[in-house]
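Engineer: Everything in the sequence shown is counted per this note's numbering, starting at 83 for the first residue and increasing by one. Ideal Cβ positions, reconstructed from N, Cα and C, are used throughout, including at glycine. Take this structure, written in structure tokens, and hold onto it; I'll ask about it next.
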Amino acid sequence: MKNAEEHLHFITSYSPYLAPDLARIPLKRFQVLPRRRNQETTENDQEEDRVLYLETTASFWGRERKVLITFNPKTFRKKRHDLKDKTEKVRQELFELRKKHRDGRPHWKDPKAVQARYELVWETLHVSPKLFQLNFYTENGAPAMAFQLNRYQAEAHLQRFAKTILVTDHHDWSAGDSYQAYMDRHVIENQFRRSKNPFHVALMPQYHWTDSKIRIHAFICVVELTYLTLLQQRAKQAGLSLSLRRIMEEARSLRTAIFWMPDERKPRRILEDPTPSQVDLLHAAGFHIKDGWVLQPK
83 MKNAEEHLHF ITSYSPYLAP DLARIPLKRF QVLPRRRNQE TTENDQEEDR VLYLETTASF
143 WGRERKVLIT FNPKTFRKKR HDLKDKTEKV RQELFELRKK HRDGRPHWKD PKAVQARYEL
203 VWETLHVSPK LFQLNFYTEN GAPAMAFQLN RYQAEAHLQR FAKTILVTDH HDWSAGDSYQ
263 AYMDRHVIEN QFRRSKNPFH VALMPQYHWT DSKIRIHAFI CVVELTYLTL LQQRAKQAGL
323 SLSLRRIMEE ARSLRTAIFW MPDERKPRRI LEDPTPSQVD LLHAAGFHIK DGWVLQPK
């Protein structure tokens with residue numbers, strides 16, 4: 083799929099779980115990622131929070147791709163603390179299960195029941211059950227159970243924490259540009275959310291059955307999203323910190339009135355007094371107001 087269209091380029095993330103060789107590259111080979119936020123953390127004496135990166139290449143989808151591995155120390159500390167808390171919760175649960183198993187309680191005599199309960203606990207905590215090894219045996223004719231932390235699995239978890247593997251065919255892009263492009267994906271994600279809004283840019287429902295009308299409907303939705311994005315960019319360039327929702331509300335509340343002057347044969351449609359925000363928005367869009375008329379400069 084990645085090679086279907088040669089003129090289409092991509093930046094995508096790849097799960098560290100599926101690329102263990104890349105995930106366990108030691109951090110001593112990483113360096114500070116050139117980005118503005120890293121500069122701010124340095125100026126604030128928070129160098130330990132700077133995002134690190136490593137550039138390399140690897141084979142993905144049948145071709146050699148550029149790979150950018152990033153590491154966020156702040157996220158790592160949070161995830162490590164979270165894993166420690168979850169591990170302790172499971173340890174306490176295992177102590178209880180071991181006691182029930184040794185006491186020969188009816189439901190907990192079967193090792194499969196204990197194992198199933200153990201896996202359910204991990205599933206609830208969203209962590210792999212491989213972190214602990216459970217052993218069942220008989221001691222003096224009574225059921226017994228032992229467990230221990232799997233150090234290898236714990237280390238593998240730590241190696242993956244706070245690492246993001248980015249794969250791209252932009253071999254000429256810098257590490258900072260690739261990372262920023264990936265972080266800006268929320269712009270596209272927000273557009274998908276807007277396309278589900280039932281009141282505007284509603285891609286669904288379509289109310290059409292023929293292919294030609296469905297294509298036109300989709301095209302109009304894409305055009306509307308494009309115009310809204312451009313309008314938001316122009317508002318931002320003009321110093322207006324307005325959300326897209328607020329921009330649409332201001333534009334929707336613009337009103338016009340029809341005047342029929344005594345000496346004129348045709349009526350005039352004149353803009354009612356706009357609010358200051360509406361005036362600023364019209365100016366940002368390249369329009370100006372004169373005698374109630376909204377004019378676009380040449």
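Can you tell me whether Thr246 is buried or exposed? The criterion is at least 16 other CB atoms within 10 Å of its CB, across all chains shown.
Structural biologist: buried
Engineer: Just to check my reading of the structure: Leu313 and Ile302 have Cβ atoms closer than 8 Å, yes? What is that Cβ distance to the nearest angstrom?
Structural biologist: Actually they are not in contact, since the Cβ atoms of Leu313 and Ile302 sit about 16 Å apart, beyond 8 Å.
Engineer: What residue from Thr94, Ser325, Glu201 has the CA that sits closest to His272's CA?
Structural biologist: Per the sequence presented here, residue 272 reads as Asn, with His not at that position. Considering only alpha carbons, the answer is Ser325.
Engineer: Check Thr157 in the structure and name its three-state DSSP category.
Structural biologist: helix
Engineer: Are the stretch 126-142 and the stretch 206-219 touching, with three or more C-beta to C-beta distances below 8 Å?
Structural biologist: no
Engineer: Could you tell me which of Asp131, Thr94, Leu90, Asn154 sits nearest to Gln436, measuring between CA atoms?
Structural biologist: Here the chain comprises residues numbered 83 to 380, so residue 436 is not present and cannot be evaluated.
Engineer: Assuming Glu363 and Ala333 are in contact, meaning their beta carbons sit under 8 Å apart, how far apart are those beta carbons, in whole angstroms?
Structural biologist: Per the sequence presented here, residue 363 reads as Leu, with Glu not at that position. About 7 Å separates the two Cβ atoms, so the contact holds.
Engineer: Is Phe369 closer than 7 Å to Val376 when the C-beta atoms are compared?
Structural biologist: A contact, by the Cβ cut-off of 7 Å.
Engineer: Over the uninterrupted alpha helix (DSSP H) stretch that includes Gln121, give me the two end residues.
Structural biologist: Taken as a continuous stretch (DSSP letters only), the alpha helix (DSSP H) holding Gln121 covers 118-125.
Engineer: Under three-state DSSP, which class holds Lys380?
Structural biologist: Since pLDDT at Lys380 reaches only 48, below the 50 mark, its modelled position is unreliable, and the value read off the structure follows with that caveat. Of the three classes helix, strand and coil, the one that applies to Lys380 here is coil, per DSSP.
Engineer: Looking at Pro225: is its Cβ nearer than 7 Å to the Cβ of His189?
Structural biologist: no
Engineer: Is Tyr96 helix, strand or coil when you go by DSSP?
Structural biologist: strand
Engineer: Which residues in the same chain have their Cβ closer than 6 Å to the Cβ of Arg106, if we skip the five residues on either side of it in sequence?
Structural biologist: Gln241
Engineer: Could you tell me if Met83 is buried or exposed, where buried requires 16 or more neighbouring beta carbons within 10 angstroms of its beta carbon?
Structural biologist: Since pLDDT at Met83 reaches only 45, below the 50 mark, its modelled position is unreliable, and no value is offered.
Engineer: Using CA coordinates, which residue listed in His239, Arg267, Gln197 is at the minimum distance from Glu178?
Structural biologist: Gln197
Engineer: Under 7 Å between the Cβ atoms of Pro169 and Ala244?
Structural biologist: According to the sequence shown, residue 169 is Thr rather than Pro. Cβ distance not < 7 Å, so Thr169 and Ala244 don't count as in contact.
Engineer: Taking Leu216 as part of the beta strand (DSSP E), name the residues at either end of that continuous run.
Structural biologist: Counting along the chain, Leu216 sits inside the beta strand (DSSP E) bounded by residues 214-221.
Engineer: Just to confirm the assignment: which complete beta strand (DSSP E) runs, minimum length 3, are found wholly within the stretch 196-263?
Structural biologist: 214-221, 224-231, 245-250
Engineer: Count the other CB atoms, across all protein chains shown, that sit within 10 Å of the CB of Met227; report buried if there are 16 or more and exposed otherwise.
Structural biologist: If you draw a 10 Å sphere on the C-beta of Met227, you find 16 or more other C-beta atoms in it, and that means buried.
Engineer: To which residues of the same chain is Arg117 closer than 8 Å at the C-beta, ignoring the five residues directly before and after it?
Structural biologist: Val133, Gly258, Tyr261, Gln262
Engineer: Please state whether the Cβ-Cβ distance between Arg316 and Ala236 is less than 7 Å.
Structural biologist: no
Engineer: Ordered along the chain, which non-local residues of its own chain (more than five positions away) have a Cβ less than 8 Å from that of Leu109?
Structural biologist: Leu134, Phe153
Engineer: For Phe142, list the residues DSSP reports as bridge partners.
Structural biologist: Arg145
Engineer: Pick from Ser141, Lys194, Leu150: whose alpha carbon is nearest that of Tyr264?
Structural biologist: Of the listed residues, the one whose Cα sits closest to Tyr264 is Leu150.
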